[in-house]
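Residues 5 to 340 (this note's numbering) are what the sequence shown spells out, left to right.
Backbone N, C-alpha and C fix where the C-beta goes; we use that ideal spot for every residue, glycine too.
Inspection log for the structure reproduced underneath, given as structure tokens.
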Amino acid sequence: MNIEPGRIPAFLNTENVGLLRAEDRVFEAMLDGWRAQMLARGLSNAYIKSSCSVVERFQEHANEYPWTWSAHNVDEFLADRRSSEKGLALSTLRSNAGAIKAFCAYVTDGRYGWAAFCERVFADIPVQVVFEWNSPRHTTDDAMPPRRRAFARAELQTFFDAADDLIDTEFAKRSKRWLPALRDSTAFKVAYAYGLRRRELTMLEYVDFGPNPHVEQFGRFGALQVRWAKGTKGSGPRRRTVLTVPEFDWVVGQLEYWLSPDGRKRFATADRSASMWPSERSGSTVYRNFDRAFQRIRKAAGLPDELSLHTLRHSYVTHLIEAGYDPLFIQLIWGR
């Protein structure tokens, strides 16, 4: 029997997939399949090795997997590559974008079976994330966006005000959308107050919060154990502890309300898991829901498109530095 190069391997293509570190194993299998497909196309070993290396580097930078990647991950990856101390040439950035685009084309091609597999196992599917509008152009040197910046404090207030206004608007209309709006508003405030990456935010559980014995006034919300922090290659997620600091003490009230009967527990799915952010249909919301919600609020607030969900994390660090915190302390709780 002839097997098409790049097809999903037999050890994954079963009804019940039980794998240790399933996400890592599936990503590795995707890369193996892509290598086989490129070999079948007659591409050189050097090109294949280089392309796979770019995709691996992109995955590490995003700290997410192909079935949850989005265009903003590409924006941030290329912007960081361009603005690093050893800034890359545009030709190299184009090559990087091309490798990611080719990989996405492979995993979204129905002939290889990855989309159906990911939908069954992870309840999400890979999509193409590289487009003409977020790739370096060939004609000019201004293709890359400006260096990623933090929210100005006034912009941050405008954003959170717009998020709260959306809750009031939906509630006044007696729309069921007011509860997801409350969830999203709370989630974005938590992301800012603890400097969380998108995946870290999405994977939060209410049991991850605990007291800080040195700051008793914060009660059960004195510290946050981030269990899905970005790890080094091959190590899987790391853990880190982020302390609630006085500059962000307002988040304690937000958390208390969200975890009261008036917040999270109003979701019919809340009892299905310990997730901080249940959805209307499942025990937890997915990455892209937060992306869409952020974009909707940003638009309502009239803020520029260069501000992304990840910008909240950079704003956290910037505002701690401005408050005079020791850089070593910031590095420890921020994680790299």
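* Cα-Cα separation, V248 to L82 -> Residue numbering aside, residue 248 sits at position 244 when the sequence shown is read from its first letter. Residue numbering aside, residue 82 sits at position 78 when the sequence shown is read from its first letter. This sequence places Thr at residue 248; Val is not what is there. T248 and L82 have their alpha carbons spaced roughly 32 Å apart.
query: In this structure, does DSSP put T273 in helix, strand or coil?
result: Start at 1 with the first residue of the sequence shown, and residue 273 comes out as number 269. Three-state result, T273: coil.
Should D330 go down as buried or exposed, given a rule of 16 or more other Cβ atoms within 10 Å for buried?
Here residue 330 refers to the residue found at position 326 when the sequence shown is read from its first residue. Residue environment for D330: exposed (fewer than 16 other C-beta atoms within 10 angstroms of its C-beta).
In the DSSP assignment, what residue or residues form a beta bridge with L247? Taking the first residue of the sequence shown as position 1, residue 247 is located at position 243. Under the DSSP definition of a beta bridge, L247 partners with A227.
Practice problem: Would you identify the three-state DSSP class for G214, choosing helix, strand or coil? | Solution: Here residue 214 refers to the residue found at position 210 of the sequence shown. Residue state, collapsed to three classes: strand.
Three-state secondary structure (DSSP) of W232: As a first step, residue 232 must be located in the sequence shown, where it is residue number 228. Of the three classes helix, strand and coil, the one that applies to W232 here is strand, per DSSP.
Rounded C-alpha distance that separates P295 from E174: Here residue 295 is taken as the residue at index 291 of the sequence shown, counted from 1. Here residue 174 is taken as the residue at index 170 of the sequence shown, counted from 1. One point to set straight first is that residue 295 is Asp, not Pro, in the sequence displayed. Between the alpha carbons of D295 and E174 lies a gap of roughly 19 Å.
For L43 and D212, the rounded distance between their alpha carbons: Numbered from 1 along the sequence shown, position 208 holds the residue referred to as residue 212. Numbered from 1 along the sequence shown, position 39 holds the residue referred to as residue 43. If you draw a straight line from the Cα of D212 to the Cα of L43, it is about 45 Å long.
Distance cut-off 6 Å: L200 Cβ against heavy atoms of the ligand HEM: Looking for the ligand HEM in the displayed structure turns up nothing, as the structure carries no ligands at all.
Inter-residue spacing [alpha-carbon to alpha-carbon] between E260 and R178: Indexing the sequence shown from 1 puts residue 260 at position 256. Indexing the sequence shown from 1 puts residue 178 at position 174. Taking the Cα positions, E260 is about 24 Å away from R178.
| query | Can you tell me the Cα-Cα spacing of V78 and R302, whole angstroms? | reply | In the sequence shown, counting from the first residue as 1, residue 78 sits at position 74. In the sequence shown, counting from the first residue as 1, residue 302 sits at position 298. Whole-angstrom Cα-Cα distance: 19 Å.
* Asked: Bridge partners of E284, per DSSP?
  -> To locate residue 284, count along the sequence shown from 1; it is residue 280. Answer is none; E284 lacks a bridge partner.
| So, is F333 buried or exposed, given that buried needs 16 or more other C-beta atoms within 10 angstroms? | By one-based count along the sequence shown, residue 333 stands at place 329. Exposed.
(request) List the whole-angstrom C-beta distance separating R276 from I337, where the pair is believed to meet the contact cut-off of C-beta under 8 Å. (result) Translated into the one-based positions of the sequence shown, residue 276 becomes position 272. Translated into the one-based positions of the sequence shown, residue 337 becomes position 333. So it is not a contact: roughly 31 Å between Cβ atoms.
Check your understanding: Is E209 helix, strand or coil by DSSP?
Key -> Walking along the sequence shown from the start, residue 209 turns up at place 205. Here E209 sits in strand by DSSP.
Between which two residues does the alpha helix (DSSP H) harbouring E341 extend?
Outside the shown range of the chain, which is 5 to 340, sits residue 341, and nothing can be said about it.
**OP:** Check each candidate in A127, Y210, G114 and V133 and name the one with the smallest Cα separation from A103.
**Re:** The residue you call residue 103 lines up with position 99 of the sequence shown. Nearest C-alpha to A103: V133.
Worksheet item: Would you call K53 buried or exposed, if buried means 16 or more other Cβ atoms sit within 10 Å of its Cβ?
Response: Taking the first residue of the sequence shown as position 1, residue 53 is located at position 49. Per the 10 Å Cβ criterion, exposed.
Next on the checklist: For A75 and F135, which I take to be in contact (beta-carbon distance under 8 Å), what is that distance rounded to the nearest angstrom?
Outcome noted: Here residue 75 refers to the residue found at position 71 of the sequence shown. Here residue 135 refers to the residue found at position 131 of the sequence shown. In this structure A75 touches F135 by the C-beta definition: roughly 7 Å separates them, less than 8 Å.
Kindly list the residues whose CB is nearer than 6 Å to the CB of V111, restricted to its own chain and excluding five residues on each side of it in sequence; keep chain order. The residue given as residue 111 occupies position 107 in the sequence shown. Taking C-beta separations shorter than 6 Å and ignoring five residues to either side along the sequence, the partners of V111 in its chain run M34, P70, W118 and P130, following chain order.
Using only CA atoms, which one of A305, T273, L313 and F225 lies nearest to Q258? In the sequence shown, the residue the question calls residue 258 occupies position 254. Its Cα nearest to that of Q258, the residue F225 stands out among A305, T273, L313 and F225.
| Taking just the CA atoms, how far does S319 sit from G328? | Position 324 of the sequence shown holds residue 328. Position 315 of the sequence shown holds residue 319. Approximately 14 Å between the Cα atoms of the pair.
Checklist line | Cβ neighbour criterion (16 or more within 10 Å) applied to P140 | finding: To locate residue 140, count along the sequence shown from 1; it is residue 136. Counting every other CB atom within 10 Å of its CB across the protein chains shown gives P140 a total of 16 or more, marking it as buried.
- Item | Buried versus exposed, by CB contacts within 10 Å (16 or more), P217 | Residue 217 sits at position 213 when you count from the first residue of the sequence shown. Within 10 angstroms of the beta-carbon of P217 lie fewer than 16 other beta-carbons, which makes it exposed.
Given a cut-off of 7 Å on the beta-carbon distance, is the pair Y291 and R231 in contact?
What you label residue 291 is simply residue 287 of the sequence shown in a count that begins at 1. What you label residue 231 is simply residue 227 of the sequence shown in a count that begins at 1. No, Cβ-Cβ distance for Y291 and R231 is not below 7 Å.
A197 burial status per 10 Å Cβ neighbour count (16 or more: buried): The count along the sequence shown starts at 1 and reaches residue 197 at position 193. Buried is the call here.
_Just verifying my parser: in three-state terms, what is the DSSP assignment at S279?_
To locate residue 279, count along the sequence shown from 1; it is residue 275. Three-state DSSP puts S279 in a strand.
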